[in-house]
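From first to last, the protein sequence lines are chains Y and E.
Taking the numbering used here, the leading residue of the first sequence gets 1, the next gets one more, and so forth.
Taking the numbering used here, the leading residue of the second sequence gets 1001, the next gets one more, and so forth.
Beta carbons: idealized from backbone N, C-alpha and C, even for Gly.
Owing to the predicted nature of the structure, the values given are computational and were not obtained by experimental measurement.
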Amino acid sequence: MLSVRGLAKRYGAVQALAGVDLDVRPGEVLAICGDNGAGKSTLIKIVSGAETASDGEMRLRGEAVRFASPHDALRRGLATIYQDLALAPRLAIYQNVFMGAELTRGVGPLRVLDKPAMIEQARGYLAQLGSSVTDTTRAVATLSGGQRQSVAIARALRWNADIVVMDEPTAALGVKETAQVLDLIRALNAAGKTVVLISHNMADVVAVAHRVAILKQGRKVIDRPVAGLDADTLSHMVMAGREVA
Amino acid sequence: MRGFVQTYGTALAGLAVFLFFVVFAPNFANPINLLNILKQISFLAILGIGFTFALTTGELDLSFANLASLAAVATGGLIHTGYPIPVAILAGLAIGTAGGALNGLLVTRVKVPSLIATLAIASIANGFAFFLTAGVAFVGRWDPGFVALGRAHVAGVPVLVLWMAGTALVALFVLKNTRLGIHMVCTGEAEESARLAGISVRLMKGLGLTLSGALAGVTAVLLTANLSSAAPTMAGDYLLTAIAAVLLGMTMFEPGRPNVLGTLVGGVVIGVLSNGLILMGADYYVQDIVLGLIIIGSVALSASTLKKAAFGV
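As C-alpha cells, this is what we get:
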C-alpha cells in the first residue's frame, strides 16, 4: 500500500530520522510508537506531505511519490487527521466535512453550493462511522471531542482516502471518548480503509492495531504483529527499544 | 433562549431604539424621513459590505474611506476636465479595486499585517487625493445622466437605496452560495485548516481586500454623482461609521462573525440613531460619542474575531 525506504530527515545538526524502512499493508491498522524524540512526528509529517525527506523514497500503491503538501497527499488518497483535527469550530459539521471540496450544482462555470446534498452526504459518512450525530448543520463547537474526531474522519471519507493517518487521536480525550474513537478506528478499518495510528497509549494500540512499529532515535527497532502482546510488554519495548520477553 | 438573545439581541435593541424615536422624536416616523435614513446610510453600508468581505477572510481594511475619496476625486476630476462619463466611472472603479489589490499584495506577499498595510495605503491615498485636486474640490453642473446614478428615484425609492440593496444581495449570494464565498469564510474562521484542505488562503485574503477596495470605488462613483462634486476628504467620515456598522453587525445573526445582513442592520441602527438624535435636538457631537460607544460595546461582545484580524492571535 504505502512503503518507505531509507527515509531520513535532518534538521541542521539533528538527525530526526536516520533511514527508516516501513511497509503499510492494505487493510491493516498499523501503530507507530516511540518515545518523544524517537522520530514519530517527523515520519508522519513526511508521509502526510507536511515536510519533505532529506533522503529516501516513498511509494504509494507501488508508485514513487513525493507529496508537495498535505492537500497533495489527500488528493492521492492519503488523509492525515491531525491532533488538533484541523476543523473550523464555528462552522457547521457539513461545511467542515466538505471544506475545500464542496459539492456544487449548476451549469458550467455558473455553480452554486449544493447544501442539501452536502448535509445529507455528511450525515451518511457519520452514520458509516457509527456516530450518533445526525444533524450536520450543527456547529462543530457544539460537539464532544469524540464526535469532533468523527467529523475529521468523515472528511477523509469524503476525499475517498484509502489510507488514513491519525496522529495521537486519543491524546486529549477522556475514557469514554477514547473508547468512541477506538470504535471509529474499527469502523474505518471495517470500511476497508488502511489506518496508520501514531500513539503514546499502549492500551489503544493493543485494542485496535494489527501490527506495531517502534521507533527509537530515528530508527525503526521493532516491527511485529500486536497479537499476543499486552500494553505493559509494549511499553517496556518502547522504553527499551528492543523485544522484551 | 440564550441563543435567541445572542443571535437577535442587538437587532431587538436596535428595534427598541427605533420605537423610542417613533414616539419621542418629532417627524421621525414620517415615511420621507425613514427613506432619507436609508439613503443616508447607503454609502456607509456599501463600504461596510466591503469591509465585511475583508474581515470575513480575517483581515482589516482601514484604507477604504481614503481610497473612496481618492477614487471620487479621480472620477470628479476627469468629468470636470471633460472626459467621457464612462471613462471617469471606470477610472473611479479601477482606482478603488487597484488600491484593494495592492492591500492584498502587501498583506499576502510582503507579509505586512493588514492593520499596518491598509493604514499606510490610507495615508498614501489621502496624499494622492490632495495632489489631484490641489486641495480644492471639483464642483460643477455635471451630466444629468451621471448625476442620476446617485440622485434618481425608481418608483419613489432613492436609487442609492437600490444600489445598497443590490450590493447586499450580491454579497450575500457570493458568501452563502458559492465555493469562493465559503472558502473566504473558512479562511477567516480557521486559516490553517483551510490551508490543509487545499484552499488558497493567500488568494482568499487578497480577494477579500480587493473586494473592499472595489466597493470603495463603487461608493466613490455614487458619492460623486450624488453630490455633483468631488473633494479629497469626502468619504473620510465613513471610515468609522462603516466599521461601526460591521462591528455592530457582528453581534447579531451570526454572532462573532462579520455578516452582510448584520452589516446592513448595523448601518440602519447607526442611521436611526444619528437621525433621531438630531430630530430630538441633540448637538452634532453627540453622534460621535454614541458611535464610539457602539464600537466599544460591539467589540466587547465579539472580541475574538477582531483580535485575530488585528493582531493575528
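- DSSP, reduced to helix, strand and coil, places His1153 (chain E) within a strand of the structure shown.
- C-alpha of Leu173 (chain Y) to C-alpha of Ala1235 (chain E): approximately 53 Å in a straight line.
- Not a single C-beta of chain Y is nearer than 8 Å to the C-beta of Glu1059 (chain E).
- For Ala86 (chain Y), the chain E residues whose Cβ falls inside 8 Å of its Cβ are Ala1190, Glu1192, Ser1193, Leu1196 and Ala1197, in order along the chain.
- Chain-ordered listing is empty here: chain Y has no CB closer than 7 Å to the CB of Arg1202 (chain E), the nearest sitting near 13 Å.
- According to DSSP, Ile163 (chain Y) shares a beta bridge with Y:Leu78 and Y:Thr194.
- Any Cβ of chain Y closer than 8 Å to the Cβ of Gly1009 (chain E) would place that residue at the interface, and such an atom is absent.
- Residue pairing for Gly1271 (chain E): DSSP places it in no beta bridge.
- Under the rule that a run must span 3 or more residues, the beta strand (DSSP E) segments found entirely inside the stretch 35 to 123 of chain Y read 55 to 60, 63 to 65, 78 to 81, 104 to 107 and 110 to 113.
- In chain order, Ala1122, Ala1125 and Asn1126 place their CB closer than 6 Å to the CB of Asn1066 (chain E), counting only its own chain and leaving out the 5 sequence neighbours on each side.
- Using a Cβ distance threshold of 8 Å, Leu91 (chain Y) and Glu1192 (chain E) do not count as a contacting pair.
- Among the bridge pairs identified by DSSP, Leu2 (chain Y) is matched with Y:Val24 and Y:Leu60.
- Among the bridge pairs identified by DSSP, Gln15 (chain Y) is matched with Y:Arg10.
- Shown here, Ile1121 (chain E) sits in a helix according to DSSP, grouped into three states.
- Taking CB atoms only, Val112 (chain Y) has a neighbour in chain E less than 8 Å away.
- Annotation for Ala1117 (chain E): Asn1103, Leu1106 and Val1107 place their beta carbon closer than 7 Å to its own, counting only its chain and skipping 5 residues before and after.
- Under DSSP, the beta-bridge partners assigned to Ala1230 (chain E) are E:Phe1138.
- Beta-bridge partners assigned by DSSP to Lys220 (chain Y): Y:Leu215.
- Neighbours of His71 (chain Y) across chain E, judged by C-beta separation under 9 Å: Arg1195, Leu1196, Ala1197, Gly1198 and Ile1199.
- Between Gly56 (chain Y) and Ser150 (chain Y), the alpha-carbon positions lie close to 33 Å from each other.
- Under the three-state reduction of DSSP, Ala139 (chain Y) is assigned to strand.
- Against chain E, the CB of Gln95 (chain Y) has a partner CB under 8 Å away; the residue lies at that interface.
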